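Presented below is the structure to which this report refers.
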Amino acid sequence: MGSSHHSHQALGALSISPASGALGAVIEGLDISKLNSAQVAAIRPLLDEYSVLVFPDQKLTPEEQIAFTAHFGPVEQHPLYRSAILDGYPEILVLEHKNHEWVNGRNDVWHSDVTFSEEPPLGSVLYCRAITEGLGDTLFCSMRRAYDALSPGMQQMLRQLSAEHSSARMVVRNNSESYNVPIDEVPPPVNHPVVRTNRATGKQNLFVNPIYTIRFAGMTEKESDPLLNYLYEQATRPDNIYRHRWKVNDVVMFDNRCAMHYVVLDYGPEMHRLMHRTTAAGERPV
393 MGSSHHSHQA LGALSISPAS GALGAVIEGL DISKLNSAQV AAIRPLLDEY
443 SVLVFPDQKL TPEEQIAFTA HFGPVEQHPL YRSAILDGYP EILVLEHKNH
493 EWVNGRNDVW HSDVTFSEEP PLGSVLYCRA ITEGLGDTLF CSMRRAYDAL
543 SPGMQQMLRQ LSAEHSSARM VVRNNSESYN VPIDEVPPPV NHPVVRTNRA
593 TGKQNLFVNP IYTIRFAGMT EKESDPLLNY LYEQATRPDN IYRHRWKVND
643 VVMFDNRCAM HYVVLDYGPE MHRLMHRTTA AGERPV
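Sequential numbering of the sequence shown, starting at 393, is according to our numbering.
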């Protein structure tokens with residue numbers, strides 16, 4: 393891949409190694425708070441190629457995390473969540489669990505973020521501030537490999553479909569937890585193509601997820617569920633997953649256009665888990 397070759401040159405002596413057989417790359421030896429324009433230009437195609445980028449051992453101020461995220465698109469607030477925003481930094485969403493309580497932290501469901509929006513985010517940056525190593529891992533799955541593994545007939549059928557995405561299920565989930573700020577308005581649903589194309593590379597991937605995709609356009613939920621559930625099963629097979637084992641000061645950026653993620657809820661009430669999340673704006677899926 394030409395772009396990949398140039399990007400590796402710009403990143404110099406860095407170590408770039410696959411994080412799993414399915415998706416993800418670990419980039420070591422880079423201080424992402426001090427990137428030059430050549431390094432930024434080199435990281436972009438790596439995100440297209442690997443979908444999840446891991447930058448260990450970072451020390452970021454809130455301003456530096458926001459500035460890093462802005463290299464990929466305008467930094468935007470979550471359109472609905474208001475439960476935990478870092479004081480003075482509305483762009484930073486605090487995902488925290490401590491003292492038996494979650495703050496926006498329960499994400500033990502496969503999803504891509506905010507696909508109920510007309511222009512869902514390009515991706516998010518998670519900065520780990522507190523964790524007990526070995527617990528509270530995050531799983532990522534490749535929606536590109538899930539699509540590639542389907543039969544040509546199934547791919548062709550899905551390329552003709554769009555699906556309805558809505559925040560309705562997420563709002564119910566949010567409002568059922570006392571620690572969240574209630575969301576009182578559900579935006580109208582939007583339709584997106586079931587098969588999404590990356591504008592830069594032309595690669596295609598599934599663009600549906602269990603929490604926001606309600607049904608195929610023009611069909612009922614009951615008609616849609618068997619096929620949607622089959623697609624989710626294919627996407628979340630063990631061989632299509634990267635499991636990130638968090639360490640404090642890890643920064644993980646994931647491509648929201650072609651990956652789903654899931655937080656493993658395997659930790660007890662006493663564990664402190666703290667992430668700062670920023671999000672880069674995206675564009676309307678095609």
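Beta carbons are placed, not taken as given, at the ideal position from N, Cα and C, and that holds for glycine. Predicted model, so just to flag it, every value in this text is computed and none were measured.
- Each residue's CA atom was taken as its position, placing Pro618 and His489 some 34 angstroms apart.
- Rounded to the nearest angstrom, the gap between the Cα atoms of Asn428 and Leu620 is 42 angstroms.
- Distance between Cys520 and Ala433, taken at the CA atoms: about 25 angstroms.
- Ranked by how close their Cα comes to the Cα of Glu456, the residues Ile424, Pro513, Glu577 have Ile424 in first place.
- Taking C-beta atoms as the reference points, Asn648 and Pro513 count as a pair closer than 9 angstroms.
- A distance below 9 angstroms separates the beta carbons of His503 and Asn601.
- For a cut-off of 8 angstroms, the C-beta gap from Asp500 to Tyr622 is around 22 angstroms, too long to register as a contact.
- A straight line joining the alpha-carbon of Phe532 with that of Val517 spans about 14 angstroms.
- Assigned with DSSP and collapsed to three states, Gln548 falls in helix.
- Taking 4 residues as the minimum length, the alpha helix (DSSP H) runs contained wholly in the stretch 574–637 are 613–627, in order along the chain.
- DSSP places Thr461 outside any beta strand (DSSP E); the residue lies instead in the alpha helix (DSSP H), whose first and last residues are 454–462.
- The count of Cβ pairs closer than 8 angstroms, one atom from the stretch 631–641 and one from the stretch 521–529, reaches three, so the stretches are in contact.
- The alpha carbon of His557 has as its nearest neighbour, out of His584, Ile484, Asp540, the alpha carbon of His584.
- The secondary-structure analysis by DSSP pairs Tyr519 across a beta bridge with Val643, His668.
- Boundaries for Glu675: no alpha helix (DSSP H) harbours it, and the DSSP string shows neither H nor E there.
- Nearest to Arg629 by alpha-carbon distance, out of Gly674, Glu441, Phe460, Ala538, is Ala538.
- For Ser409, the CB contacts under 7 angstroms within the same chain, skipping 5 residues up- and downstream, are Ala417, Val418 in chain order.
- Taking C-alpha positions only, Phe508 is separated from Gly610 by approximately 17 angstroms.
- Counting other Cβ atoms within 10 Å of its Cβ, Val678 stays below 16 and is therefore classed as exposed.
- Taking all protein chains in view, the Cβ of Gly674 is crowded by 16 or more other Cβ atoms within 10 Å, so the residue is classified as buried.
- Taking the C-beta atoms as reference points, Ser554 is found no nearer than 9 angstroms to Val578.
- Here Asn632 has Ala414, Cys533, Ser534, Arg537, Ala538 as same chain residues with Cβ atoms under 7 angstroms from its own Cβ, once five neighbours each way along the sequence are excluded.
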